[in-house]
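Heads up: the sequence lines are chains V and H, in that order. When the letters of the first sequence are read in order and numbered with this note's numbering, they come out as residues 1 to 345. When the letters of the second sequence are read in order and numbered with this note's numbering, they come out as residues 346 to 690. Where a beta carbon is used, it is the ideal one built from N, C-alpha and C, also for glycine.
Protein chains: 2
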Amino acid sequence: MLSSRKAWGLDLGLESAALAGDRRALARLLSHVENGAAEGRAALAALFSRTGRAHIIGITGSPGAGKSTLVGKLAQEIRAYGRRLAIVAVDPTSPFSGGALLGDRLRMRELASDEGVFIRSMASRGHPGGIAHATRDVVLLLDAIGFPVVIVETVGAGQAQVEVARVAHTVVLVEAPGMGDDVQALKAGLMEIADIIVVNKADRPEAKQTVRALQFVRRDMGSAGHHGAGALQPATEPVVLGWDPPILQTAAIESQGISELWDAIQAHRRYLEESGAWDVLRKRHARAEVESWLQRHLMLLLEERIGELRMNEAVDRVLRREQDPATAARNLLGAALEPDRDPIA
Amino acid sequence: MLSSRKAWGLDLGLESAALAGDRRALARLLSHVENGAAEGRAALAALFSRTGRAHIIGITGSPGAGKSTLVGKLAQEIRAYGRRLAIVAVDPTSPFSGGALLGDRLRMRELASDEGVFIRSMASRGHPGGIAHATRDVVLLLDAIGFPVVIVETVGAGQAQVEVARVAHTVVLVEAPGMGDDVQALKAGLMEIADIIVVNKADRPEAKQTVRALQFVRRDMGSAGHHGAGALQPATEPVVLGWDPPILQTAAIESQGISELWDAIQAHRRYLEESGAWDVLRKRHARAEVESWLQRHLMLLLEERIGELRMNEAVDRVLRREQDPATAARNLLGAALEPDRDPIA
């Protein structure tokens with residue numbers, strides 16, 4: 001009893017300390033949130049009313065496009081205006097996440113020593129409910145703590161980018177020259193979720209060609225409206241009509257084009273607010289959060305109700321080809337949701 | 346009544362026709378499976394007892410590594426031994442999926458005209474239950490139809506590669522020189538799921554350096570055992586102990602190293618069978634299939650039980666910050682699983 005009260009005391013202490021700017025308290029709170037621990041869930045519930053104020057910026061693109069360097073320089077630009085910000089690195093190749101080359105990580109250390117910048121790197125695995133759920137919770141907590149800007153860096157390929165789009169207000173797609181010339185590929189999976197397109201390493205000779213290829217794809221997509229790419233199924237329902245994603249050029253290592261990028265990000269936010277799309281996005285985010293928790297509650301409920309024994313028996317029937325997986329799952333579900341049992345633990 | 350009987354007749358016709366080698370019937374059946382249609386579910390259930398015989402090979406890696414060309418050449422190699430095979434392209438940059446450059450696609454057309462090769466490209470979106478579920482079903486159906494080899498090509502980054510590992514027996518990781526030099530990144534997300542590592546475009550001068558970097562990482566991982574990478578949380582429990590992933594060099598465009606790759610893939614399969622790991626993998630696949638269907642049944646059940654109205658009300662409470670998403674979801678779930686309602690529709 002004492003230890004439980006003590007645990008509560010500690011918990012409330014962590015929240016207050018994090019709100020007061022204690023970075024170590026915030027880091028510990030985020031670990032609880034990431035691990036799906038009860039303390040994390042309690043903190044999220046307690047602080048939820050404070051969320052909804054941060055501008056959440058997703059930065060995505062192929063490995064090697066220079067996303068992390070760009071994020072670092074963008075952070076410095078934002079700090080030059082005196083704004084505090086948080087960086088969440090979900091990208092396993094990011095120096096923020098301990099990946100990438102040693103030199104990159106040394107450069108990032110400089111940024112990390114700035115009290116106005118909070119950096120959180122997330123392992124791409126080890127989250128009970130999956131990385132997408134964990135990222136959503138981490139971003140919510142950073143929003144609640146009061147960071148006006150939260151940057152989420154993810155490595156981009158298919159599903160991962162769609163997930164970024166579901167958590168961010170503004171999605172920046174970063175490509176490097178040469179890699180971005182595969183026009184069809186870009187069209188298929190990447191550009192329809194981008195609000196701003198950046199050709200990084202623009203000092204390379206191939207950059208012009210990449211910009212032209214991207215302009216071509218954008219024009220081609222234009223007729224279908226942004227976020228809806230012709231015959232392709234759109235990633236999400238179109239929110240922002242009439243916003244034509246600008247194609248910017250940066251050379252992040254040389255700090256070139258960074259202030260233009262920040263201007264474009266702010267212009268996008270203004271556009272969202274003035275067009276009413278900001279409210280549509282907020283509603284969509286709220287829905288995604290509820291759905292995310294529905295999935296997690298359900299899986300926990302099932303694990304508890306079904307149990308390892310019944311699960312193993314079902315798997316064995318499937319292995320012996322006595323039952324197909326869909327039927328086995330339906331039977332497990334039927335047994336787990338028997339009406340004579342209390343539906344919610 | 347007539348139309349329903351007619352539909353059943355057509356359905357059984359499709360299955361028999363697909364089993365007899367009718368490619369158009371198979372393509373239509375796969376569309377039903379991909380779309381989650383009732384005909385697809387019925388076909389999977391009816392044909393499930395025929396599954397479990399195909400060698401499922403996952404080919405993954407960064408965009409631009411040359412995966413599709415490698416898959417094409419590997420297919421020709423397999424055909425030279427007279428074996429039939431199916432290729433499932435989940436990679437949006439793959440020419441099989443309509444992505445990539447026109448030249449690539451023309452080269453692939455040659456392969457597609459071979460009656461012994463069946464190519465299925467999957468959109469990365471538009472699957473009711475998500476791309477991972479749809480891929481699993483498509484692979485199962487191709488297995489049931491009797492293809493002894495099924496190659497699954499996915500673009501590799503984080504979660505996507507873990508998903509490949511969950512469906513394949515043998516995972517081939519393809520890297521291009523230069524891109525693979527980011528040792529930490531490889532270590533973090535990629536190498537621990539690879540059974541065979543390929544440095545493609547090995548005619549480039551930087552290839553040697555990439556091979557050395559990969560050898561270094563592999564040695565480093567060796568002490569923790571393959572599939573378990575030191576301090577990192579492993580993607581999956583280790584299945585194959587004692588298998589040291591070979592690092593091969595290929596130049597797919599020049600057809601170099603392809604027969605060595607096929608030899609390595611076959612050696613891996615023999616190793617799986619002799620070590621008993623094949624059975625462990627089969628059991629794991631069966632479990633993943635049951636879990637995949639559990640998730641899908643549940644989401645359908647909830648959509649039906651909760652309904653759009655109650656969902657919108659919950660989202661509005663979250664939007665107004667009256668309730669946090671976790672609490673809103675728990676309440677929705679409680680209402681949906683009320684004991685006075687029939688648990689399974």
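Residues in the same chain with beta-carbon distance under 6 Å from residue i, minus the five sequence neighbours each way, listed in chain order, please.
i: H/THR396; result: LEU485, ASP488, ALA489
i: V/ALA43; result: GLU15, LEU29
i: V/ALA188; result: Because the pLDDT at V/ALA188 is just 48, under 50, the model does not fix this residue reliably, and the value given afterwards should be weighed accordingly. Cβ neighbours of V/ALA188 beyond the five flanking positions: none.
i: H/PRO670; result: VAL663
i: H/TRP695; result: In this structure chain H extends from 346 to 690, so residue 695 of chain H is not present and cannot be described.
i: H/LEU677; result: ILE651, ALA659
i: H/ARG549; result: PRO522
i: V/VAL90; result: MET122, THR135, THR154
Find the residues of chain H that neighbour residue i, judging by a C-beta separation of less than 7 Å, and give them in chain order.
i: V/GLU289; result: VAL663, PRO670
i: V/LEU333; result: LEU639, HIS642, LEU643, ILE689
Residues in the same chain with beta-carbon distance under 7 Å from residue i, minus the five sequence neighbours each way, listed in chain order, please.
i: V/LEU30; result: ARG120, VAL138, LEU141
i: H/ALA363; result: ALA370, LEU371, LEU374, ILE490
i: V/GLY180; result: For V/GLY180, the predicted model reports a pLDDT of 45, less than 50, meaning its position is unreliable and no value from the coordinates is stated.
i: V/ALA65; result: VAL174, GLU175, ALA176, MET179, ASN200
i: H/GLU605; result: LEU593
i: H/ILE423; result: LEU430, VAL494, TRP607
i: V/GLN323; result: ARG317
i: V/LEU337; result: none
Since residue i is in the alpha helix (DSSP H), which residue starts that stretch and which ends it?
i: H/HIS377; result: 368-379
i: H/ARG615; result: 603-620
i: V/ARG41; result: 38-47
Just reading off the beta strand (DSSP E) that residue i is part of, what are its end residues?
i: V/ARG83; result: It is not in any beta strand (DSSP E) - V/ARG83 carries neither H nor E in the DSSP assignment.
i: V/ARG136; result: Element bounds for V/ARG136: not the beta strand (DSSP E) but the alpha helix (DSSP H), 131-145.
i: H/ARG465; result: 462-466
i: V/GLU175; result: 170-175
i: V/GLU153; result: 149-153
i: V/VAL198; result: 196-199
i: V/ILE247; result: 247-249
Could you name the residues of chain H that residue i contacts, counting a contact when the two beta carbons are closer than 8 Å?
i: V/LEU141; result: Ordered by position in chain H, no residue passes the 8 Å Cβ test against V/LEU141, which lies about 11 Å from the chain.
i: V/VAL167; result: Near V/VAL167 there are no residues of chain H at all, since even the closest Cβ is about 13 Å away, more than 8 Å.
i: V/LEU302; result: LEU639, LEU643
Please list, in chain order, all residues of the same chain as residue i whose beta carbon is under 8 Å from its beta carbon, the five residues on each side excluded.
i: V/THR170; result: HIS55, ILE56, ILE57, GLY58, ASP195, ILE196, ILE265, HIS268, ARG269, LEU272
i: V/ALA168; result: ILE56, ILE57, GLY58, VAL152
i: V/GLU34; result: GLY40, MET122, HIS127, ALA134, ASP137, VAL138
i: V/PHE147; result: ALA54, ARG84, LEU85, ALA86, PHE118
i: V/HIS285; result: ARG166, VAL167
Name the chain V residues that come within less than 9 Å of residue i, Cβ to Cβ?
i: H/VAL462; result: Neighbours of H/VAL462 on chain V: none; closest Cβ ~22 Å, over 9 Å.
i: H/ILE666; result: It is worth fixing the name first, because residue 666 of chain H is Arg in this sequence and not Ile. Within 9 Å Cβ-Cβ: PHE48, SER49, ARG50, THR51, GLY52.
i: H/LEU654; result: Ordered by position in chain V, no residue passes the 9 Å Cβ test against H/LEU654, which lies about 14 Å from the chain.
i: H/LEU691; result: The question about residue 691 of chain H has no answer here: the residues shown for chain H are numbered 346 through 690.
What residues from chain V crowd round residue i, counting only those whose CB sits closer than 7 Å?
i: H/ALA659; result: VAL290
i: H/ARG549; result: In chain order: nothing, as chain V lies at least about 14 Å away.
How would you list, in chain order, the residues of chain V whose beta-carbon sits under 8 Å from the beta-carbon of residue i?
i: H/ARG557; result: Result: empty, since nearest Cβ-Cβ is about 16 Å, beyond 8 Å.
i: H/LEU419; result: Those do not exist, as H/LEU419 stays about 21 Å from chain V at its closest Cβ, beyond 8 Å.
Applying a beta-carbon distance threshold of less than 9 Å, which residues of chain H neighbour residue i?
i: V/LEU70; result: Within chain H, no residue comes near V/LEU70; the closest Cβ sits about 16 Å away, beyond 9 Å.
* **Contained alpha helix (DSSP H) runs [length at least 4] in the region 625-685 of chain H, N- to C-terminal order** => 670-681
* Return the residues of the region 391-404 of chain H that lie within a Cβ-Cβ distance of less than 9 Å from chain V, sorted by chain order. => ALA391, LEU392, PHE393, SER394, ARG395, THR396, GLY397
* Scan the region 617-634 of chain H for residues whose Cβ lies nearer than 7 Å to a Cβ of chain V and list them as they occur along the chain. => ARG627, LYS628, ALA631, ARG632, GLU634
* Asked: Looking at chain V, which residues of the region 361-392 of chain H have a Cβ within less than 7 Å of any of its Cβ atoms?
  -> ARG386, LEU389, ALA390
* Asked: Could you give the uninterrupted runs of the alpha helix (DSSP H) lying entirely in the region 398-427 of chain H, keeping only those of 4 residues or more?
  -> 412-425
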